[in-house]
Amino acid sequence: MAHEITVPRLGWTMEEGTFGEWLKEDGERVEVGDPLFVLESDKATTDVEAVDSGILRIPPDTPQQGDPVSVGMVLAYL
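Each residue of the sequence shown is one higher than the one before, starting from 259 at the first, in our numbering.
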């Protein structure tokens, strides 16, 4: 079963952030703890890590660098 990769809440008041970049490629194997993507909030820039292992599947309509993203938004699948 596919595991959704979503935009995490980086702070108590965070509702949206800015997508930075993917740190892994579509089709690449990832393990728990591997950095997946960069997320910027109004207070910090964070490498978001995988919470599961599997093959990364990034859909073609995923946000691009600099795009706004909402907390909970699905970005990709493992």
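Idealized CB from N, CA, C, for every residue including glycine.
Here the structure is a predicted model, which is why all the values come from computation and not from measurement.
Relative to the Cα of K301, the nearest Cα in the group L281, E262, G275 and P326 belongs to G275. Boundaries of the beta strand (DSSP E) around L297: P293 to E298. Beta-bridge pairing by DSSP links I316 to no other residue.
Excluding its 5 nearest sequence neighbours in each direction, L333 has C-beta neighbours in its own chain below 8 angstroms: I263, T264, V265, F277, F295, I316, T320, P321 and V327, listed in chain order. Here A308 is buried. Its C-beta has 16 or more other C-beta atoms within 10 Å.
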